[in-house]
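**Student:** According to the numbering used here, the stretch in the sequence shown is residues 9 to 196, in order.
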Amino acid sequence: MAIVHETKYILAEALLQICTEKRFKKVSISMITAHCALNRQTFYYHFTDKYELLAFTYATHALAELDNSTTLENWEQHTASMLVAIKEARAFYRNTTCDEVAVLAETFSTITTRLLLEMFERLDINHQIEKNNREFYARFFSYGCSGVLIDWIYSDFKASPEVIAESLHRLAKDVELIAYHRYVSLDN
Numbered sequence: 009m010a011i012v013h014e015t016k017y018i019l020a021e022a023l024l025q026i027c028t029e030k031r032f033k034k035v036s037i038s039m040i041t042a043h044c045a046l047n048r049q050t051f052y053y054h055f056t057d058k059y060e061l062l063a064f065t066y067a068t069h070a071l072a073e074l075d076n077s078t079t080l081e082n083w084e085q086h087t088a089s090m091l092v093a094i095k096e097a098r099a100f101y102r103n104t105t106c107d108e109v110a111v112l113a114e115t116f117s118t119i120t121t122r123l124l125l126e127m128f129e130r131l132d133i134n135h136q137i138e139k140n141n142r143e144f145y146a147r148f149f150s151y152g153c154s155g156v157l158i159d160w161i162y163s164d165f166k167a168s169p170e171v172i173a174e175s176l177h178r179l180a181k182d183v184e185l186i187a188y189h190r191y192v193s194l195d196n
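Encoded structure:
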């Protein structure tokens with residue numbers, strides 16, 4: 009099983025390297041497999057198409073910084089690490105998002121929705137907010153975070169990763185504060 013796992017990472021690394029030079033729409037499965045000396049059949053054993061590989065590459069590259077250990081308390085640090093990794097691989101992210109922004113948006117939103125949902129569940133200790141509303145809020149904020157990330161890439165990374173991370177952290181803290189005030193007002 010370790011070889012299967014390793015092969016997926018080899019393919020992801022090949023895509024990352026190729027897309028530092030070429031736009032994603034110009035990349036073929038043959039190019040990817042030739043780059044890492046694998047055959048097409050091996051590729052299709054692991055991925056259905058290059059879009060699935062792209063999502064896997066995003067999730068295991070910079071977005072992996074937003075892992076299960078990410079909490080409201082360390083959100084800024086994890087986000088800054090993710091943004092630094094994206095900026096370091098700027099050519100890859102520019103060459104993939106200019107053709108397929110939806111893959112990054114969906115992959116990032118899936119990860120941040122899960123994290124935000126966990127945050128809302130922790131904040132709602134007395135279960136004042138219905139589950140479907142918590143899920144909606146998490147999706148809403150994750151789409152906003154995704155938009156900020158994509159705008160940052162499209163602006164050629166003008167703001168520093170730390171500024172973006174601090175802004176997103178401040179948003180999360182403000183949501184926590186609003187939730188607390190709402191809870192206190194409902195309690196009185």
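Just so you know, even glycine gets a beta-carbon here, dropped at the ideal spot from N, CA and C.
What does a CB cutoff of less than 7 Å around Glu170 pick up in its chain, not counting 5 residues either side in sequence?
**Tutor:** Correct list, in chain order: Ala88.
**Student:** Run through DSSP, which three-state label would Ile137 get?
**Tutor:** In this structure, Ile137 counts as coil in the three-state DSSP scheme.
**Student:** So Leu123 and Leu74 are supposed to be a Cβ contact under 8 Å. How far apart are they, rounded?
**Tutor:** That belief holds up - the Cβ atoms of Leu123 and Leu74 are roughly 6 Å apart, short of 8 Å.
**Student:** Quick check: what's the CA-CA separation for Asn82 versus Met127?
**Tutor:** Cα-Cα distance, rounded: 12 Å.
**Student:** Less than 6 Å between C-beta atoms, sequence neighbours within five positions excluded: which residues of the same chain meet that for His86?
**Tutor:** Within the same chain, His86 has close Cβ partners Glu73, Leu74, Thr78.
**Student:** From what residue to what residue does the alpha helix (DSSP H) around Ala45 run?
**Tutor:** Per DSSP, Ala45 belongs to no alpha helix (DSSP H) and is neither H nor E.
**Student:** Rounding to the nearest angstrom, what Cα-Cα distance links Thr118 and Ser150 in this structure?
**Tutor:** Whole-angstrom Cα-Cα distance: 8 Å.
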